[in-house]
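Chemist: Here's a structure for you.
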Amino acid sequence: MNDHDLLETYEPVLRFAKSERFFPLAVEHYLERCSILPSGPLGAAGLLFHLNEPLASMIGKLEGGQYFLRFINEPLYDSDAWVWLGGITLVAAGAGYYFFGWAGVEIAVALALVAALFLFMLASTIRLRIIPAAFAALVFAGLLVTPIWFFLHPSKYMSIAVEYLVLLPIYLILLFYLSIRTMKFIFDRVIPEGPGLVMDMLSLATETIARKSYFEYAKILEKDSQPVYYGRVVREQDAEGNNWTILQYHFFYAFNDWRLAANGINHHEGDWEMTAVYLKNDSPYAVLFSQHGAGNLALWEKVIKAKDKNENDTTHPVVYVALGSHANYGKPEIIRSPNLYEAGRVQRFLYWMDGLIHYLFLFFNPSQKARQIALKELISSHTNFLAEDAFISMRDEADHYVVSLPMEIASGDGFRIGYQGENLREPVVKSSSYLKRIMSDRKVTRPTVKEWRRVILNPEPDWVNYKGLWGVKSSLKDESGPPGPKWDRPDKLFNINPRVRWEKPLEWLKGLEDRVKRD
2 MNDHDLLETY
12 EPVLRFAKSE
22 RFFPLAVEHY
32 LERCSILPSG
42 PLGAAGLLFH
52 LNEPLASMIG
62 KLEGGQYFLR
72 FINEPLYDSD
82 AWVWLGGITL
92 VAAGAGYYFF
102 GWAGVEIAVA
112 LALVAALFLF
122 MLASTIRLRI
132 IPAAFAALVF
142 AGLLVTPIWF
152 FLHPSKYMSI
162 AVEYLVLLPI
172 YLILLFYLSI
182 RTMKFIFDRV
192 IPEGPGLVMD
202 MLSLATETIA
212 RKSYFEYAKI
222 LEKDSQPVYY
232 GRVVREQDAE
242 GNNWTILQYH
252 FFYAFNDWRL
262 AANGINHHEG
272 DWEMTAVYLK
282 NDSPYAVLFS
292 QHGAGNLALW
302 EKVIKAKDKN
312 ENDTTHPVVY
322 VALGSHANYG
332 KPEIIRSPNL
342 YEAGRVQRFL
352 YWMDGLIHYL
362 FLFFNPSQKA
372 RQIALKELIS
382 SHTNFLAEDA
392 FISMRDEADH
402 YVVSLPMEIA
412 SGDGFRIGYQ
422 GENLREPVVK
432 SSSYLKRIMS
442 DRKVTRPTVK
452 EWRRVILNPE
462 PDWVNYKGLW
472 GVKSSLKDES
482 GPPGPKWDRP
492 DKLFNINPRV
502 RWEKPLEWLK
512 GLEDRVKRD
């Protein structure tokens, strides 16, 4: 068989989680919406030689890796809104002074400040889900401060006895009750967003960018709704004389919104993933899956395969794509652990702190049942609560899990791409059992076409040789866009080498086999 027929014969089926927002697309559509920026002086000098060239034809000509693409180029706020706010404030202040004197000016300025707060929260690049915390703090401050004036200024219409012996105790009881409810709200709804908030403040791939990327990707689907994979066939012979045919399937996603989608670790523009089918002496041997820069494998006889109408296995492996992160798995899995991959120290510390705060809150929770759950788990697990994985098994009623540790949801209960057949026979799990409703039921836009469009990387398009990043460069490595399918990230000496799975696929296979043996 030729390369096209081989790739078609073994092309994988991808199963996504219900609330996945991004699917494999053609890189040309991504590049049409991107701008390219330098990440160093050499990059700036290199761009000078390619001014006014289309990005799609330029990136293959750039030498070195001191470049990055930016998918979302629009401002994060509308400057006209601030101009309108300023103009309306001046008019309102003038009208207020004319009718009510300086009191009218104060009212206009106060309303303008409230409007500015609304506008800032809508325009801010920090997590939008902390907005309820701001309102909770304002309400609590109002309850705490406003009545002080009332009790310090005796009313001529009310006796002091009624004011201090009746109204004051009622107010204190109400304040105490609302204080407890506010604190519970903060622990339940605000503290879980803490790690993500800090990560967004350190990152350039914030929640706002994630949402805007989704809307931009939805526009791409209106233009081209067919999923794409980039196929590559490599033939090698090992030391024992076995002939290997490696079928690589590269998938490109416009955005990785793992943190927003599933309490994951990172956000970044652009996302390259891969699944590879290894044929040994023309017989399928194993399937390899990319996972967070590393990988895993499953021997062919253990791989879940799509079934035909007669419920017989086909040659199409079923791949379960994790929600947001797009890591590939060979079976439906839900993994909740801080040890998913070697994240940076900042990320690990933030998620450990998040777990500790939730853990301690259980013992102060007004819910008797929640305290009983905490004590039971503590007694049964015999874990050191200072360990990183101490909080994995803690559960509550509202969200199944108390902590917001990184979670991989490769559930397969959503959109499915590839060979159709008898797909109801494939195992799945419900992602809604592991996510809050706001996540599991979020709005999504899916391709209208379920079959693959195949693009063979032979000859290689110009963009394959681009050594820069396919998304914005961040101060945090895990928040930066990835390199392309061919290249690794720069090493300590800033050298850029081909990925092992691209340049030496048999070496990648051997490394994963050795890791499986050790495990």
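Residue numbers (our numbering): 2 to 520. Virtual Cβ for every residue (Gly too), placed ideally from N, Cα, C.
Across the stretch 47 to 55 and the stretch 437 to 456, are there enough close Cβ pairs to call them in contact, namely three or more that are closer than 8 Å?
Modeler: Touching, no.
Chemist: Taking only three categories from DSSP, how would you classify K303?
Modeler: Numbered from its first residue, the sequence shown carries residue 303 at position 302. Helix.
Chemist: With C-beta atoms as the reference, is N329 less than 8 Å away from V322?
Modeler: Position 328 of the sequence shown, counting from 1, holds the residue named residue 329. Position 321 of the sequence shown, counting from 1, holds the residue named residue 322. Yes. Within cutoff.
Chemist: Could you say which of Q67, M200 and F72 lies nearest to K468 if we only look at CA atoms?
Modeler: Locating residue 468 in the sequence shown gives position 467, where the first residue counts as 1. Here the closest residue by C-alpha is Q67.
Chemist: Buried or exposed, going by whether 16 or more other CB atoms sit within 10 Å of the CB of S432?
Modeler: Within the sequence shown, numbered from 1, the residue matching residue 432 stands at position 431. It is buried - the Cβ of S432 has at least 16 other Cβ atoms within 10 Å.
Chemist: Measuring alpha carbon to alpha carbon, tell me which residue in N257, S434, E423 and V146 is nearest S481.
Modeler: As a first step, residue 481 is located in the sequence shown; it is residue number 480 there, counting from the start. Checking every option, the nearest Cα to that of S481 belongs to N257.
Chemist: Within a Cβ cutoff of 7 Å, which residues of the same chain sit near A116, ignoring the five residues on either side of it in sequence?
Modeler: The count along the sequence shown starts at 1 and reaches residue 116 at position 115. If we look at A116 and ignore the five residues flanking it on each side, its Cβ neighbours are L86.
Chemist: Just curious, the beta strand (DSSP E) that V14 is in, first and last residue?
Modeler: Reading the sequence shown from its first residue, position 13 is the one you call residue 14. V14 -> beta strand (DSSP E) spans V14 to R16.
Chemist: Flag this pair as yes or no: are the beta carbons of W464 and V28 separated by less than 8 Å?
Modeler: Position 463 of the sequence shown, counting from 1, holds the residue named residue 464. Position 27 of the sequence shown, counting from 1, holds the residue named residue 28. Going by C-beta atoms, W464 is nearer than 8 Å to V28.
Chemist: Just verifying my parser: in three-state terms, what is the DSSP assignment at G87?
Modeler: Position 86 of the sequence shown, counted from the start, is the residue given in the question as residue 87. The answer is helix: DSSP assigns G87 an H, G or I state.
Chemist: Shortest alpha-carbon distance to I37 belongs to which of W301, S441 and N74?
Modeler: The count along the sequence shown starts at 1 and reaches residue 37 at position 36. The option with the nearest alpha carbon to I37 is N74.
Chemist: Starting from F23, trace the beta strand (DSSP E) both ways and give me its first and last residue.
Modeler: Along the sequence shown, one-based indexing puts residue 23 at 22. Neither: F23 is in no beta strand (DSSP E) and is coded neither H nor E.
Chemist: Measuring CB to CB, does S20 end up less than 8 Å from A262?
Modeler: Position 19 of the sequence shown, counting from 1, holds the residue named residue 20. Position 261 of the sequence shown, counting from 1, holds the residue named residue 262. Yes, the pair counts as a contact, with Cβ atoms nearer than the cut-off.
Chemist: Under the rule that 16 or more other beta-carbon atoms within 10 Å means buried, what is P333, buried or exposed?
Modeler: Position 332 of the sequence shown holds residue 333. P333 is buried by the Cβ-count criterion.
Chemist: Measure the alpha-carbon distance for F495 versus E274 and round it to whole angstroms.
Modeler: Along the sequence shown, read from residue 1 onward, the residue named residue 495 stands at position 494. Along the sequence shown, read from residue 1 onward, the residue named residue 274 stands at position 273. Cα to Cα, F495 sits roughly 23 Å from E274.
Chemist: Run through DSSP, which three-state label would T209 get?
Modeler: The residue labelled residue 209 in the question sits at position 208 within the sequence shown. Three-state result, T209: helix.
Chemist: I'd like the list of long-range same chain contacts for E1, defined as Cβ closer than 8 Å, with 5 residues on each side in sequence excluded.
Modeler: Outside the displayed span of the chain (2 to 520) sits residue 1, for which this structure offers no information.
Chemist: According to DSSP, simplified to helix, strand and coil, what is L77?
Modeler: One-based indexing of the sequence shown puts residue 77 at position 76. Annotation note: pLDDT 45 at L77 (below 50); position unreliable, no value reported.
Chemist: Starting from the Cα of H293, find the closest Cα among R426, H268 and L166 and give me that residue.
Modeler: Locating residue 293 in the sequence shown gives position 292, where the first residue counts as 1. The candidate whose alpha carbon is nearest that of H293 is H268.
Chemist: Across which residues does DSSP place I410 in a beta bridge pair?
Modeler: Counting from 1 along the sequence shown, the entry for residue 410 is found at position 409. Per DSSP, I335.
Chemist: Compare the Cα-Cα distances from Y420 to each of G88, A104 and T10 and report the closest residue.
Modeler: Translated into the one-based positions of the sequence shown, residue 420 becomes position 419. The candidate whose alpha carbon is nearest that of Y420 is T10.
Chemist: What does the Cβ neighbour count give for M2, buried or exposed, with the cut at 16 atoms within 10 Å?
Modeler: Position 1 of the sequence shown, counted from the start, is the residue given in the question as residue 2. With fewer than 16 other Cβ atoms within 10 Å, it is exposed.
Chemist: Going by Cα to Cα distance, which pick from P428, W503 and D442 is closest to L524?
Modeler: Only positions 2 to 520 of the chain appear in this structure, which leaves residue 524 out of reach.
Chemist: Could you have a look at H401 and say whether DSSP puts it in helix, strand or coil?
Modeler: As a first step, residue 401 must be located in the sequence shown, where it is residue number 400. Any reading at H401 needs caution, since the residue's pLDDT is 39, under 50, leaving its predicted position unreliable; the model's value is listed next. Coil, per DSSP.
Chemist: Between which two residues does the alpha helix (DSSP H) containing F186 stretch?
Modeler: As a position in the sequence shown, residue 186 is number 185, starting the count at 1. Run containing F186: L169 to F186, per the alpha helix (DSSP H) assignment.
Chemist: Along the beta strand (DSSP E) that carries E270, what are the first and last residues, could you check?
Modeler: Here residue 270 is taken as the residue at index 269 of the sequence shown, counted from 1. H269 to K281 is the extent of the beta strand (DSSP E) around E270.
Chemist: According to DSSP, is A287 helix, strand or coil?
Modeler: Residue mapping note: residue 287 aligns to position 286 of the sequence shown, counting from 1. It is a strand residue.
Chemist: Give me whichever residues DSSP pairs with E237 in a beta bridge.
Modeler: As a position in the sequence shown, residue 237 is number 236, starting the count at 1. E237 is bridged to W245.
Chemist: Within its chain, find whatever has a CB closer than 6 Å to the CB of K474; leave out the 5 residues flanking it on each side and keep chain order.
Modeler: Stepping through the sequence shown from its first residue, residue 474 is reached at position 473. Around K474: S40, F69 and S481.
Chemist: Do R447 and F186 have their C-beta atoms closer together than 8 Å?
Modeler: Position 446 of the sequence shown, counted from the first residue, corresponds to residue 447. Position 185 of the sequence shown, counted from the first residue, corresponds to residue 186. Cβ atoms of R447 and F186: not closer than 8 Å.
Chemist: Relative to the alpha-carbon of F253, which residue among I247, L32, N264 and L43 has its alpha-carbon at the smallest distance?
Modeler: By 1-based counting over the sequence shown, the position of residue 253 is 252. Taking only the C-alpha atoms, the option nearest F253 is L32.
Chemist: What residue range is occupied by the uninterrupted alpha helix (DSSP H) comprising Y11?
Modeler: Position 10 of the sequence shown, counting from 1, holds the residue named residue 11. That run of the alpha helix (DSSP H) goes D4 to Y11.
Chemist: Taking the C-alpha atoms as reference points, what is the distance between L436 and G47?
Modeler: Counting from 1 along the sequence shown, the entry for residue 436 is found at position 435. Counting from 1 along the sequence shown, the entry for residue 47 is found at position 46. Going by the C-alpha atoms only, they are around 46 Å apart.
Chemist: Start and end of the beta strand (DSSP E) containing V319?
Modeler: Locating residue 319 in the sequence shown gives position 318, where the first residue counts as 1. Per DSSP, V319 belongs to the beta strand (DSSP E) from D314 to V322.
Chemist: Leaving out the 5 sequence neighbours to the left and right, which residues in its chain are closer than 7 Å to V304 when beta-carbon positions are compared?
Modeler: Numbered from its first residue, the sequence shown carries residue 304 at position 303. The answer, listed in chain order, is V288, P318 and G331.
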